[in-house]
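Trainee: Mind looking over this structure? Questions follow.
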């Protein structure tokens, strides 16, 4: 069958995420090709190391051009999958749904996952632990959390729609400079950061940063639990790579939590769930699309990842996959292995 793989960074040439984008595109395209499927993907030019036929975007490829390319390619393919930033992924997925068989999450699910506030509320309402979302109701005197977190507690400010650690800041609640919630004008934390409704503030929960990768069809297929190499500084959080898989005594618990989160959000296809394992398991993000961990997963499981994604959309999944090794990668390494010359 003909399969479209549309990856945003490669198509648009976004330098900030090009390494990760190339890694995901190559992994998926090469796996689909290994299953004798014909792959088509939008890009500025043929990408070295990526199987399939490139469809060159007309007049360059900005966000609008990427959407146009997806619609054009999807109509010529039997199925398709899109990888793109959260804030535009739902609309792009909708284009795929209207043009061919969508191998990714439904657009409604994508929209709920992309909005971090909506996602947190859905998860919490279904009994899944999430970092507390801080608002004027949840703040006590002196800017401290109503649950007694106290002065000196740390909070995460992140866009309501955003990928990985992009746009995330850390602030400390100081009693002498309390959190001031101002209607319509946004937030001012510690006299330092101004926020609007496009951002949310959550507790910074301590624990081990993990992710769980699954493929969801009629059933949920657990792939791997992964270690996220995350550097938490005084003001920022940086994602630096991962270990796939990561052996933890909480493997089963992590997978069960991830599967429940994916289920209540209506996810299908490949899903990555970010979890902080502390006193309990906190779901901090649900990615309704392939994530960078797919690079390692494709190398350590005994099935083609592309075949599993197609089977999730069109047939039945196996009960389990075997794991044959381990793979560690860094963000810098992705840029070295997968590169695209800009012309």
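Residue numbers (the UniProt record's numbering): 1 to 343. Just so it is clear, CB atoms sit at the ideal spot from N, CA and C, and this is done for glycine as well. Fair warning: this is a prediction, and the values are worked out from it, not measured in the lab.
1) Buried or exposed for residue 218, going by 16 or more other Cβ atoms inside 10 Å?
2) Could you round the C-beta distance between residue 210 and residue 277 to whole angstroms and report it? I think they count as a contact, below 8 Å.
3) Do the segment 283-297 and the segment 255-269 meet, that is, are 3 or more Cβ pairs less than 8 Å apart?
4) Please state whether DSSP places residue 40 in a helix, a strand or coil.
5) How many angstroms separate the CA atom of residue 19 from the CA atom of residue 305?
6) In this structure, does DSSP put residue 126 in helix, strand or coil?
7) Drop a sphere of 10 angstroms on the beta-carbon of residue 322, count the other beta-carbons inside from all chains shown, and report buried for 16 or more, exposed for fewer.
8) According to the Cβ coordinates, are residue 103 and residue 310 closer than 8 Å?
9) For the pair the segment 70-90 and the segment 237-247, tell me if three or more CB-CB distances fall below 8 Å.
10) Given this structure, state the Cα-to-Cα distance separating residue 82 from residue 201, to the nearest angstrom.
11) Which ranges would you report for the alpha helix (DSSP H) in the segment 242-312 if only whole runs of at least 4 residues count?
12) Taking the straight line between their C-alpha atoms, what separation do you get for residue 29 and residue 107?
13) Could you tell me which uninterrupted beta strand (DSSP E) segments, each at least 3 residues in length, are contained entirely in the segment 49-113, listed from first to last along the chain?
14) Identify whether residue 229 lies in helix, strand or coil by the three-state DSSP scheme.
15) From residue 284 to residue 274, what distance separates their C-alpha atoms?
16) In chain order, what residues of the same chain lie with their CB nearer than 7 Å to the CB of residue 375, ignoring the 5 residues before and after it?
17) For residue 233, which residues from the same chain have a beta carbon less than 8 Å from its beta carbon, with the 5 sequence-adjacent residues on both sides left out?
18) If you follow the beta strand (DSSP E) that residue 31 is in, where does it begin and where does it stop?
19) Between the Cα of residue 334 and those of 25, 125 and 199, spot the shortest distance and give me the residue it belongs to.
20) If you draw a straight line from the alpha carbon of residue 344 to that of residue 21, how long is it in whole angstroms?
21) Residue 63 and residue 95 look like a contact to me (Cβ under 8 Å); what is the Cβ gap, rounded to whole Å?
22) If you count every other CB in all the chains shown that lies within 10 Å of the CB of residue 126, and 16 or more means buried, which is it?
23) When burial is assigned at 16 or more other CB atoms within 10 Å of the CB, is residue 185 buried or exposed?
24) By the DSSP assignment, the beta strand (DSSP E) with residue 9 in it spans what residues?
25) Identify every residue that forms a DSSP beta bridge with residue 2.
Mentor: Per the coordinate set shown:
1) Against the chain shown, residue 218 aligns to sequence position 218. Exposed, by the Cβ-count rule.
2) Here the question's residue 210 lines up with position 210 in the chain shown. Here the question's residue 277 lines up with position 277 in the chain shown. At roughly 6 Å, the Cβ-Cβ gap stays under 8 Å, so residue 210 and residue 277 are in contact.
3) yes
4) If you number the chain shown from 1, residue 40 lands on position 40. Strand, per DSSP.
5) The residue labelled residue 19 in the question sits at position 19 within the chain shown. The residue labelled residue 305 in the question sits at position 305 within the chain shown. When rounded, the distance between both Cα atoms is 20 Å.
6) Here residue 126 corresponds to residue number 126 of the chain shown, with the count starting at 1. Residue 126 falls in the coil class under three-state DSSP.
7) Translated into the one-based positions of the chain shown, residue 322 becomes position 322. The residue is exposed, with fewer than 16 neighbouring Cβ atoms inside 10 Å.
8) Position 103 of the chain shown, counted from the first residue, corresponds to residue 103. Position 310 of the chain shown, counted from the first residue, corresponds to residue 310. In contact: residue 103 and residue 310 (Cβ atoms closer than 8 Å).
9) Too few Cβ pairs lie closer than 8 Å, so no.
10) Residue 82 sits at position 82 when you count from the first residue of the chain shown. Residue 201 sits at position 201 when you count from the first residue of the chain shown. Straight-line Cα distance between these residues: approximately 29 Å.
11) 251-264 and 294-300
12) Within the chain shown, the letter at position 29 stands for residue 29. Within the chain shown, the letter at position 107 stands for residue 107. Taking the straight line joining both Cα atoms gives about 22 Å.
13) 53-56 and 79-83
14) Indexing the chain shown from 1 puts residue 229 at position 229. Three-state result, residue 229: strand.
15) Locating residue 284 in the chain shown gives position 284, where the first residue counts as 1. Locating residue 274 in the chain shown gives position 274, where the first residue counts as 1. Cα-Cα distance, rounded: 6 Å.
16) Only positions 1 to 343 of the chain appear in this structure, which leaves residue 375 out of reach.
17) Locating residue 233 in the chain shown gives position 233, counting from the first residue. So the list reads 170, once near-sequence residues are dropped.
18) By 1-based counting over the chain shown, the position of residue 31 is 31. No beta strand (DSSP E) contains residue 31, which is instead part of the alpha helix (DSSP H) from 18-34.
19) In the chain shown, counting from the first residue as 1, residue 334 sits at position 334. Of the listed residues, the one whose Cα sits closest to residue 334 is 25.
20) A question about residue 344 goes unanswered here, because the residues of the chain that appear run from 1 up to 343.
21) Position 63 of the chain shown holds residue 63. Position 95 of the chain shown holds residue 95. In fact, because the Cβ distance is near 12 Å, the residues do not count as touching under 8 Å.
22) The count along the chain shown starts at 1 and reaches residue 126 at position 126. Under this definition residue 126 is an exposed residue.
23) Here the question's residue 185 lines up with position 185 in the chain shown. In this prediction, residue 185 scores a pLDDT of 37, lower than 50, which makes its location untrustworthy; the coordinate-derived value is nonetheless stated afterwards. Exposed, because fewer than 16 other Cβ atoms sit within 10 Å of the Cβ of residue 185.
24) Numbered from 1 along the chain shown, position 9 holds the residue referred to as residue 9. Taken as a continuous stretch (DSSP letters only), residue 9 belongs to no beta strand (DSSP E), being part of the alpha helix (DSSP H) at 8-12.
25) Counted from its first residue, the chain shown places residue 2 at position 2. DSSP output for residue 2 lists 38 as bridge partner(s).
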